[in-house]
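Report on the structure given below.
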Amino acid sequence: MQETDLLDLSDEADYAASQQHGSTSMMRSDSDSGKRSSSSETDPAEVLFAKDNVAIHPTQFASERISGRLKLIKQGCSLFLTWIPYKGQSSNGRISEKDMSLYTIRAEPLVDVRSIRRHTPALGWQYIIIVLSSGLAHPPLYFYNGGVREFLATIKQHIFLVRSAEDANVFLVNDLQNPLQRTLSSLELPRVSLASGPSTSISAGESPLNDDQERADGSIHDANSSISQYSGRHRQKNHDPARDLSIHVLEKFSLVTKFARETTSQLFRENSNGFGALDRKSYNLSADEYSPKAANNAEKVSNAHPVASDPMEFDKLSLVWGKPRQPPLGHEAWATFLDSEGRIVDSKDFKKRIFYGGVEHKLRTKVWPFLLGYYAYDSTYAERAYLRSTKKSEYETIKFQWQSITPEQAKRFTKFRERKGLIEKDVVRTDRSLSFYDGDDNPNVNLLRDILLTYSFYNFDLGYCQGMSDLLSPILFIMEEESESFWCFVALMERLGPNFNRDQNGMHSQLFALSKLVELLDSPLHNYFKQNECLNYFFCFRWVLIQFKREFEYDKTMRLWEVFWTHYLSEHLHLYVCVAILKRYRNKIMGEQMDFDTLLKFINELSGHIELDSILRDAEALCICAGENGAASIPPGTPPSLPIDNGLLYPQQDEVL
Amino acid sequence: MSYAYLFKYIIIGDTGVGKSCLLLQFTDKRFQPVHDLTIGVEFGARMITIDNKPIKLQIWDTAGQESFRSITRSYYRGAAGALLVYDITRRETFNHLASWLEDARQHANANMTIMLIGNKSDLAHRRAVSTEEGEQFAKEHGLIFMEASAKTAQNVEEAFIKTAATIYKKIQDGVFDVSNESYGIKVGYGGIPGPSGGRDGSSSQGGSCCS
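Chains Z and L supply the protein sequences, listed in that same order.
Going by this note's numbering, the first residue of the first sequence is number 4, and it counts up by one from there.
Going by this note's numbering, the first residue of the second sequence is number 104, and it counts up by one from there.
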């Protein structure tokens, strides 16, 4: 427990680094860096609160915690929260730098925070969970040196905190600017006593425990065996939140708080719990939903902790926050990934770099063939030049197969005629508003046709299906050269071909996996879809079929695709993007009681209104949150995983055009 | 804008017969030869007036390709009207009508009003299906029939409105229980639910565009 002494300098270094990445520029002016900030033109920042030895537990073992310093910083009239891990000071070698930076909280504006939940277990360390407006939350922050009350009190001095009517340990963070919320806050909500146990009505603020003394010694468990023993038993009941925190429970809190923000009048009139509003019009569910649990809870912990959390609510921990996007990979950085013969030495690092920022437009023509799997990462310049030339002649051979069909032969070849007719009809309806494809007799439109028709001979079993032209269009736009475009498209179709199977099995398996992910990551939303017969997820059909091509502008689509193609966190990031978008609109979907038709229309009309970078961050966070459980929700072989080789790539496709 | 009734329509038929163009001509009164092919479904809406009552048409324009049939089927639910479209210059689109009809019968409400449209009537010189054949097919299957052109706008307005008038008459005749939204009809403000003595659903053209 020497961290306190060792941290300061590394903390500052990290903080300085974080300033460059954080979206908010903010200058420090606390005691140890006040001089630096004086040279700044921006408002000086003031550190309102700083607490050392605030840790997160990335695993279920407290010994693997990452310790750091929590600060509240005020700049202008904005409040920010930071938590920076101590550099090189993780208590266990298994925690990497990567993990540490993953969990770092860089200048989180308090206006983006929806609520803070305080946990005061009888034994163990107090911790808080910060729930963001997006519904996501940071992992629990454990106060090894105490200070939760002081932390909340400091916040309360600067912005309005409202104690949730639902749970006295949940504090709703209100925006100072909003007069309605100001009113709400100033009223100091009377805490509604939901539970029958007398102790539950005791405010957490009156808790007999003293924040600053209770957990000053982090090694209390080791020091006293009898306490340790009790702790063990107690923890069994209470579960370690680092293991047991459920995502949807967090959202339950956030939903409660959001509801409190939005419908203040309701809140006062009735014992609202907000959550029940989803399925009943009257907001009086709290009593019957919460009493048994709360009473039970009160009985267990009444001696010390009147408002301890309900242990049953926590089943898994996981919340982190996706990293900010970086600028796209440029030529200089690209060169550093190549050895003298042109191999990409560290493909994992390369993919990671692209995952977080994409690729500069001009560089795409070089990078995409790798991402798509057409070029091997360990190939040399010479090998690739050779590949291009052999693949070019191979392409010409396949292309000649349909080019050599005479009119007389075509008359007797219905399948070819139909296929060709379909492709010709569709290429003139693909991205014609782009200058690259516009105008009469555009040669690029003819290239689209030739490549698709050649592909339908290369993969005769699959043939042609609508949507393929949407997938090919950006590839041709980037690669320009016909044969290279074809082989990049072939590589993409190795993964996405099943989307176009006649029986739609590839689509169904992805939509099924999506439903499993929503069930895991947002069970109230899942239940809502279930009740409203929306579980087929057909409203996400277009998203999945052509990888959001119709939902974003052309350039954004290309950015999204190259991120997908890295397969950096998951081969199925696109499904997490689906979840992220649905979660962003979950309150609207459920609040407006959308049925299947309304939902489909709503989702369709989101096209052009989705903010790519923030959705990618959400998706990243959700993917990390879901972890192995997420991966287990996606059956093996679900596209875009490479198909499990059974000899026939596209069996039973006889009737496909 | 308030409406007396809202009718859900679905437009079905082979790919490339002009479904999206018919919709655009009806909602925006323009023909756009260059537009993206439909993936999944697109939506359009317009107000019309029938029997002096404002009626909102919410129109679902579906993807025509065979592979997407299983998805398209989920769109039939709750449709009051369907426009079944073929291309008079492409025989095969006419030949596929029976299978489209079978889908509609199987997955839509039995009382759904179906309008058969032979599109691209402006291309009469390339005609591959005669008007009589279209009429005959419609008669055999109990459909309303019209030839139309999304390009020249000929009969486009009429096709949508005649379908609505037929649905409206069914409401007046008490065929629908309008309180049950599975018939694809929603009663809006000013709508009079239930039968009201079997007046003719005389149609009048009109309406402002409304999405």
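C-beta: ideal position from N, C-alpha, C; glycine also.
_Interface residues of chain L facing residue 539 of chain Z [CB-CB closer than 7 Å]_ = 177
*Could I get the ranges of all uninterrupted alpha helix (DSSP H) runs contained in the stretch 582 to 614 of chain Z, with 4 residues as the minimum, in chain order?*
589 to 594 and 599 to 608
*asked:* What does the alpha-carbon distance come out to for the pair residue 450 of chain Z and residue 467 of chain Z?
replied: One C-alpha to the other measures close to 15 Å.
*Quick one: list the residues of chain L neighbouring residue 469 of chain Z, beta-carbon separation under 9 Å, in chain order.*
118, 140, 141, 142, 166, 167, 168, 170 and 171
*asked:* Between residue 149 of chain L and residue 192 of chain L, how many whole angstroms is the CB-CB distance? I'm expecting something under 8 Å.
replied: That pair is no contact at about 27 Å.
*Ends of the beta strand (DSSP E) at residue 52 of chain Z?*
48 to 59
*Can the beta-carbon of residue 361 of chain Z be found less than 8 Å from the beta-carbon of residue 498 of chain Z?*
no
*Name the two residues that bound the continuous alpha helix (DSSP H) containing residue 355 of chain Z.*
350 to 360
*Under 7 Å Cβ-Cβ, which residues of chain L neighbour residue 160 of chain Z?*
Per Cβ cutoff of 7 Å: no residues; residue 160 of chain Z is ~49 Å from chain L at best.
*Taking Cβ-Cβ distances below 9 Å as the criterion, which residues of the stretch 423 to 452 of chain Z are in contact with chain L?*
Going along the stretch 423 to 452 of chain Z in chain order, one finds 424, 425, 428, 429, 431, 432, 433, 434, 435, 436 and 441 with a Cβ nearer than 9 Å to chain L.
_chain C within 8 Å of residue 291 of chain L, Cβ atoms only_ = Absent from the structure is chain C; the protein chains it does hold are Z and L.
*Buried versus exposed, by CB contacts within 10 Å (16 or more), residue 413 of chain Z*: exposed
*Classification of residue 404 of chain Z by the beta-carbon crowding that lies within 10 angstroms, buried from 16 upward*: exposed
*Where does residue 85 of chain Z land, buried or exposed, given buried means 16+ other C-beta within 10 angstroms?*
buried
*chain Z contacts from the stretch 180 to 208 of chain L (Cβ-Cβ distance under 7 Å)*: Closer than 7 Å at the C-beta level to chain Z, one finds these residues of the stretch 180 to 208 of chain L: 181.
_Rounded to the nearest angstrom, what separates residue 462 of chain Z and residue 453 of chain Z at their Cα positions?_
Cα to Cα, residue 462 of chain Z sits roughly 14 Å from residue 453 of chain Z.
*Is the shortest distance between the beta-carbon of residue 603 of chain Z and the beta-carbons of chain L less than 8 Å?*
yes
*If you draw a straight line from the alpha carbon of residue 416 of chain Z to that of residue 365 of chain Z, how long is it in whole angstroms?*
42 Å
*Counting pairs of Cβ atoms below 8 Å between the stretch 340 to 360 of chain Z and the stretch 565 to 581 of chain Z, do you hit three or more?*
yes
*Below 7 Å between beta carbons is the criterion; list the residues of the stretch 492 to 511 of chain Z that meet it against any residue of chain L, in chain order.*
503, 505 and 507
*Assess, as a yes-or-no matter, whether the stretch 574 to 585 of chain Z is touched by the stretch 594 to 601 of chain Z under the definition of 3 or more beta carbon pairs within less than 8 Å.*
no
_Members of the stretch 104 to 137 of chain L near chain Z, C-beta cut-off 8 Å_ = 111, 118, 119 and 137
*asked:* By alpha-carbon positions, which one of Z:503, Z:534 and Z:510 ends up nearest to residue 577 of chain Z?
replied: Z:510
_Give me the DSSP bridge partner(s) of residue 250 of chain L._
The partner list for residue 250 of chain L (beta bridge, DSSP) reads L:221.
_Residue(s) in a DSSP beta bridge with residue 71 of chain Z_ = Z:57 and Z:88
_Rounded distance between the beta-carbons of residue 216 of chain L and residue 184 of chain L, thought under 8 Å_ = The distance from the Cβ of residue 184 of chain L to that of residue 216 of chain L is about 5 Å, consistent with a contact at the 8 Å cut-off.
_Whether residue 134 of chain L touches residue 253 of chain L by CB criterion (8 Å)_ = yes
*Can a CB atom of chain Z be found closer than 8 Å to the CB of residue 312 of chain L?*
Residue confidence is low: residue 312 of chain L scores 40 on pLDDT, short of 50, so the model does not pin down where it sits. No coordinate-derived value is stated.
*chain L partners of residue 600 of chain Z, CB-CB under 9 Å?*
Listed along chain L, the residues sitting closer than 9 Å to residue 600 of chain Z by beta-carbon distance are 111, 161, 163, 178, 180 and 181.
*Identify whether residue 83 of chain Z lies in helix, strand or coil by the three-state DSSP scheme.*
In this structure, residue 83 of chain Z counts as strand in the three-state DSSP scheme.
_Here's a check: name, in chain order, each residue in its chain whose Cβ is nearer than 6 Å to the Cβ of residue 587 of chain Z, leaving out the five neighbours to either side._
Hits under 6 Å: none found.
*Who are the neighbours of residue 607 of chain Z on chain L, taking C-beta pairs under 8 Å?*
Under the 8 Å cutoff, chain L gives 143, 144, 145 and 146.
*asked:* Does the stretch 113 to 133 of chain L come into contact with the stretch 244 to 259 of chain L, if we say contact requires no fewer than three beta-carbon pairs (one atom in each stretch) closer than 8 Å?
replied: yes
_9 Å Cβ cut-off: residues of chain L touching residue 549 of chain Z_ = 142
*Would you say residue 542 of chain Z and residue 606 of chain Z are within 8 Å of each other, going by their C-beta atoms?*
yes
*Cβ contact check for the stretch 488 to 506 of chain Z and the stretch 143 to 162 of chain L: 3 or more pairs under 8 Å*: no
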